[in-house]
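Only one structure is covered here, and it is reproduced in the block below.
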Amino acid sequence: MTKKIDLTITHDYLNPFASPDTPKLSPELTDYLSDSAWYHPELLLQINCPEDERERLQQAISNTFAEKSEQLRGDIRTQRLVALTLLGLALALVLAGTALGIEGTIPVGVVTVTAWMLLWRSAEIFFLDIRSVNRELRKYQRIANASKQF
90 MTKKIDLTIT HDYLNPFASP DTPKLSPELT DYLSDSAWYH PELLLQINCP EDERERLQQA
150 ISNTFAEKSE QLRGDIRTQR LVALTLLGLA LALVLAGTAL GIEGTIPVGV VTVTAWMLLW
210 RSAEIFFLDI RSVNRELRKY QRIANASKQF
C-alpha cells in the first residue's frame with residue numbers, strides 16, 4: 090500500500106545554515122516527512138512547488154535523508170561497540186572473581202548480579218536498540234527513494 094504525502098512548498102523549505110551547494114530541508118519539513126512516513130512501506134510525495142525549485146527540492150530531500158542515514162549508521166556502530174564493551178566487562182568481572190577466589194554469599198551475589206546486569210544491557214542493545222535504529226534507517230531510505238509527483 091502506497092502512502093501519499095502531500096507537500097505544498099512556497100518558501101523557506103531549506104535549512105538556512107546548509108551550504109548552497111548541498112541544500113538540505115528545514116528541520117520542520119524533515120520532521121513532517123519523518124512523521125508522515127513512519128509505518129508505510131511505499132511512499133509517494135505529491136509536491137506542489139514552483140517549477141524552478143523542483144530539482145533543488147529533490148536534491149535537498151536526498152541530501153537531508155542521506156545525512157540522517159549516515160548519522161544513524163554511526164549510532165549503530167557506537168551501540169555495537171558499547172554492547173561489546175559491556176560483554177567484555179561482564180566476562181572480565183566473572184573471570185576476576187573466579188581468579189581471586191571470591192567466597193561468601195554477598196561478594197558472590199554482587200559479582201553475579203553485576204555480570205547479569207552487564208549481560209542484560211548488552212543483549213538489550215543488540216536486540217532492541219539497534220533494531221529500533223535500523224527501522225528508522227529504513228524509513229529515511231524510503232523517504233529519500235520515494236516517488237515524486239509534481
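Basically this note's numbering = 1-based index in the sequence shown + 89. Quick reminder that beta carbons are idealized off the backbone N, C-alpha and C, glycines included. For clarity, every value in this text was computed on a predicted model and none was experimentally measured.
#1: Is SER221 buried or exposed, if buried means 16 or more other CB atoms sit within 10 Å of its CB?
#2: In the DSSP assignment, what are the bridge partners of ASP95?
#3: Do LYS228 and ILE136 have their C-beta atoms closer together than 7 angstroms?
#4: For LEU122, count the other beta carbons within 10 Å of its own beta carbon; 16 or more makes it buried, fewer makes it exposed. Which is it?
#5: Can you give me the C-alpha to C-alpha distance between PHE216 and ARG169, rounded to a whole angstrom?
#6: Just the C-alpha distance for ASP101 and ALA107, rounded to the nearest angstrom, thanks.
#7: Give a yes or no on whether the C-beta atoms belonging to ALA204 and LEU175 are separated by under 7 angstroms.
#8: Check this for me: beta carbons of LEU118 and LYS92, under 7 angstroms apart or not?
#9: From the DSSP output, which residues share a beta bridge with GLY237?
#10: So, is ASN241 buried or exposed, given that buried needs 16 or more other C-beta atoms within 10 angstroms?
#11: Pop quiz: LEU103 and LEU114 are said to be a contact at Cβ under 8 angstroms. What is the actual Cβ separation, rounded to whole angstroms?
#12: Residues in its own chain within less than 6 angstroms of ASP124 by CB, not counting five upstream and five downstream?
With the structure as the only source:
#1: exposed
#2: GLN135
#3: no
#4: buried
#5: 11 angstroms
#6: 13 angstroms
#7: no
#8: no
#9: Here residue 237 turns out to be Lys, not Gly, going by the sequence shown. DSSP, once it has assigned bridges, lists LEU134 as partnering LYS237.
#10: Since the first residue of the chain shown is 90 and the last is 239, residue 241 is not available in this structure.
#11: 7 angstroms
#12: none
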